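In the UniProt record's numbering, the protein residues as written are 1 to 916.
One structure is given here, and the rest of the page talks about it.
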């Protein structure tokens with residue numbers, strides 16, 4: 001969150017604390033309102049039964065039983081990544097990963113379609129430096145069918161892939177070069193980072209996604225040779241985690257896997273995958289001058305990297321600690337350089353070396369070398385030795401950070417998929433099924449001396465490599481023309497029979513209102529000894545003077561810390577501003593739930609700001625905010641919201657010039673109005689006893705004074721009758737080789753029933769656009785649809801994608817055709833059932849962590865719905881009919897807004913042709 005960066009200088013002197021307690025069996029005392037002392041992390045010991053199968057074929061399968069939810073996560077790690085691509089064929093491993101979803105086995109539909117048919121609620125894949133991972137979440141009832149499918153995909157990932165399919169998917173990957181991925185990095189930029197960090201000729205200096213030239217050189221024959229060499233059982237590790245029967249797994253694996261991938265006889269011995277001793281990580285020679293490139297970024301960005309020792313072993317536990325420490329501390333560089341707008345850190349592990357990456361958005365880029373030096377200064381200060389008076393403070397700061405990192409890993413463990421991915425990676429490279437637990441223990445055993453020694457060896461100033469990316473185009477040429485593929489005629493029908501247990505077994509939810517007006521929702525659930533707490537306050541960006549709410553998010557802080565800091569108990573805290581409300585969050589060990597409530601209660605009742613903090617914001621962040629406002633995509637977003645909502649507050653977007661006009665007194669006034677008990681709702685979810693927690697709730701939240709009144713949502717005027725002619729918005733981005741296409745419409749008032757209709761509507765559209773624009777044309781990395789809802793009943797549908805410039809017209813024509821067909825002729829029943837099946841599958845695997853429950857319940861209460869709307873969602877989805885959808889699509893077509901961000905001439909020509 002922004003505020004901690006700006007307010008780091010205000011932190012009070014740390015209090016003395018006892019040591020970190022891990023895996024202990026402590027519980028809250030009989031006197032429920034007595035809290036653990038500072039420094040105590042109170043949680044019972046946790047372990048999950050494992051079975052480790054070393055099959056005769058060489059395939060390694062690790063099965064972990066976790067019956068908290070009737071859901072199973074399956075992760076397959078194939079020991080081949082970007083560093084294994086043949087010379088001149090960079091990007092091949094990544095292209096194969098894409099093609100594995102296109103495979104067709106024995107005349108079957110594509111793997112993508114079959115995943116939907118078996119009821120997979122989530123599936124994805126990624127290619128890294130040394131491995132490719134396929135990840136899937138399924139209801140437990142779907143596991144047998146999925147394992148059979150997964151065995152076919154891993155053993156024959158290119159089955160049924162034709163030259164035409166290969167050519168189209170290669171263009172999808174080429175689109176990826178110019179887009180930001182899930183981590184926020186543009187594919188092309190990460191290539192520049194690699195070649196800046198590692199010496200020429202090093203396997204890690206080559207682009208994982210590939211380059212335009214290397215992708216052009218790839219052929220289906222290259223992919224087939226690559227698969228024959230690398231997609232073999234002795235190079236694969238499969239991890240299955242969740243609600244499984246360990247005793248029955250041996251028979252299930254034998255029944256589900258291809259015969260050759262199971263094998264007969266004794267287990268095949270597998271050679272070590274991590275060389276011993278660990279190699280010295282190689283770093284590129286320091287450049288004589290600052291390396292500079294151009295890409296589609298809103299403002300200049302600095303990238304600082306350090307090559308670290310390899311990952312995937314116990315010694316690399318220190319990497320996680322270093323990354324977390326730098327994430328927390330490097331924002332202080334903003335105080336010494338007004339051109340630094342923020343700091344983001346990432347860690348990319350590898351078997352030969354790892355890469356610590358720091359991304360620094362700049363306001364203007366006027367002095368990038370100086371900005372880089374300021375960041376480097378702060379890296380040194382994090383671990384610099386101080387005088388005798390600083391020793392205790394540094395030791396306590398280290399303990400606080402260690403608690404936070406360790407609890408962060410515990411929270412990651414609550415997420416089935418995240419835990420399965422980490423376990424699969426560590427098991428594959430270490431050949432030790434218990435490496436995940438050993439990594440947690442190693443992290444807990446770190447001490448300050450080890451961290452300091454590591455930093456002084458590997459994070460020296462002369463080991464840093466620096467790259468500057470300026471705003472512009474990436475230079476990736478326009479895509480080659482491909483012949484479109486015929487449509488996939490396979491109809492996706494989900495699993496038949498009763499709903500999965502995940503959709504019918506729900507946790508009890510109770511609600512009450514305290515005397516001060518605060519609503520409290522309790523959702524106890526058995527599982528890991530963790531608890532999440534969320535608070536939503538009515539208001540948000542649209543409340544008060546334009547800009548005041550956003551400025552509060554940046555500059556507000558707790559004035560009182562009597563109850564301690566989150567790090568004293570290893571707690572993870574968050575704060576986020578939405579259009580219509582402000583949200584606070586806290587998560588940590590179940591035994592510290594009282595500390596969470598005490599800190600939140602103090603935070604909510606003591607928020608404020610100071611002139612000095614606002615000054616820092618105006619000098620350091622505001623210039624960057626102005627640069628973002630001028631970015632074409634930001635202009636397009638503002639224009640779209642205004643077209644949808646007009647002069648209503650939901651149609652106005654805050655600009656930097658609005659923030660400049662907000663005073664300290666206006667910030668304090670907004671905080672006073674919004675931070676009132678009667679304006680809030682608190683959700684507590686996780687492993688806790690309501691009878692023990694309620695006294696804590698009354699003590700630490702019931703004492704929050706100044707009841708106040710709810711901040712009302714701005715009233716919406718009735719939807720105007722549509723004209724039938726779309727409103728067109730063109731946002732110029734000269735020289736762009738891609739166009740950002742958006743189609744949107746206002747929707748009638750959002751209710752739980754309407755939300756279900758809108759969800760099916762969006763899913764139907766997404767599937768149609770995915771099949772036509774990505775699968776058949778290869779014109780985009782992805783087309784996305786979403787329904788946005790806000791307090792007061794506001795709702796709109798947005799469909800968008802980044803499309804190859806030459807395909808903008810065809811893409812918009814496909815969208816127009818879908819809307820017209822659905823609105824005039826109705827949605828085919830098969831498409832409705834397919835969309836419904838996917839949504840139910842996603843819902844079945846969604847609510848698996850305490851944080852998921854907090855998120856869903858807060859969303860419902862913010863919109864004014866009862867908490868049961870969350871558990872009623874499957875029934876509401878099942879009630880949606882084709883007639884309902886036809887009515888919604890017809891109305892949407894009448895109120896359509898079309899936007900294109902790209903080269904102005906090409907965009908206008910395409911829009912005129914698609915919407916004559």
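We treat Cβ as the ideally placed atom computed from N, Cα and C, and that holds for glycine.
Note that the structure is predicted; figures quoted are calculated from it, not measured.
*For residue 146, which three-state DSSP category applies?*
helix
*Quick check: the segment 615 to 629 against the segment 575 to 594, are there 3 or more CB pairs under 8 Å?*
Not touching, per the Cβ criterion.
*Could you check the C-alpha separation between residue 897 and residue 539 for me, to the nearest Å?*
Whole-angstrom Cα-Cα distance: 27 Å.
*Alpha carbon of residue 903 to alpha carbon of residue 627, nearest angstrom*: For residue 903 and residue 627, the distance between alpha carbons rounds to 20 Å.
*asked:* Residues in the same chain with beta-carbon distance under 6 Å from residue 265, minus the five sequence neighbours each way, listed in chain order, please.
replied: 56
*What are the boundary residues of the alpha helix (DSSP H) that includes residue 818?*
808 to 825
*Considering only C-alpha positions, which residue in the set 863, 510, 338 is nearest to residue 520?*
510
_residue 634 to residue 455 span [Cα, whole Å]_ = 39 Å
*Could you check how far apart the C-beta atoms of residue 532 and residue 685 are, in whole angstroms? I think they sit under 8 Å.*
About 5 Å separates the two Cβ atoms, so the contact holds.
*Where does residue 586 sit, in a helix, a strand or coil, going by DSSP?*
strand
*Expressed to the nearest angstrom, what Euclidean distance is found between the alpha-carbon atoms of residue 35 and residue 592?*
7 Å
*asked:* Checking 8 Å against the spacing of the C-beta atoms, do residue 53 and residue 61 come in under that value?
replied: yes
*asked:* Here's a check: name, in chain order, each residue in its chain whose Cβ is nearer than 8 Å to the Cβ of residue 118, leaving out the five neighbours to either side.
replied: Within the same chain, residue 118 has close Cβ partners 138, 142, 145, 146, 149, 495.
*asked:* Between which residues of its own chain and residue 206 is the CB-CB distance below 6 Å, once the five residues before and five after are set aside?
replied: 90
*Look up residue 135 in the DSSP assignment and give the residues it is bridged to.*
75, 124
*Tell me whether residue 672 is buried or exposed, calling it buried when 16 or more other Cβ atoms sit within 10 Å of its Cβ.*
exposed
_Counted within 10 angstroms of its Cβ, other Cβ atoms place residue 170 as buried (16 or more) or exposed_ = buried
_For residue 905 and residue 11, the rounded distance between their alpha carbons_ = Confidence at residue 11 is low in this model, with a pLDDT of 29, below 50, so the placement of that residue is unreliable and no value is reported for it.
_Taking the beta carbon of residue 709 as the centre, do at least 16 other beta carbons fall within 10 Å, making it buried, or is it exposed?_
exposed
*When the Cα of residue 687 is compared with those of 587, 268, 517, which residue comes out closest?*
Of the candidates 587, 268, 517, 587 places its Cα closest to the Cα of residue 687.
*Cβ shell of residue 217 (< 8 Å), same chain only, five flanking positions each side left out*: 88, 89
*So is residue 584 buried or exposed if we call it buried at 16+ other beta carbons inside 10 Å?*
Flag for residue 584 reads buried.
*asked:* Could you give the first and the last residue of the continuous alpha helix (DSSP H) run that contains residue 458?
replied: 448 to 458
*Return the CA-CA distance between residue 838 and residue 770, expressed in angstroms with no decimal places.*
14 Å
_Please list the terminal residues of the continuous beta strand (DSSP E) segment that includes residue 780._
Unbroken beta strand (DSSP E) run through residue 780: 780 to 790.
*Delimiting residues of the alpha helix (DSSP H) encompassing residue 98*: 92 to 99
*If residue 698 sits next to residue 537, beta carbons under 8 Å apart, how far is it from one beta carbon to the other, in whole angstroms?*
With 8 Å as the limit, residue 698 and residue 537 do not qualify as a contact, their Cβ atoms being about 20 Å apart.
*Report the rounded CA-to-CA distance for residue 192 versus residue 296, giving the unit in angstroms.*
14 Å
*Can you tell me which of the three DSSP states residue 639 falls into?*
helix
*residue 359 beta carbon near the ligand GTP (any heavy atom closer than 7 Å)*: The ligand GTP is absent from the structure shown, which contains no ligand whatsoever.
_Which residue marks the beginning of the alpha helix (DSSP H) containing residue 599, and which one marks its end?_
593 to 606
_Helix, strand or coil at residue 412 [DSSP, three-state]_ = helix
_Chain-order list of residues whose beta-carbon lies under 6 Å from that of residue 273 (same chain, five-residue window excluded)_ = 429
*How many whole angstroms separate the CB atoms of residue 523 and residue 683, which I take to be in contact at a CB cut-off of 8 Å?*
Sure, about 7 Å apart at Cβ, within 8 Å.
*Ends of the beta strand (DSSP E) at residue 532?*
530 to 538
*What is the DSSP secondary structure of residue 565, counted as helix, strand or coil?*
coil
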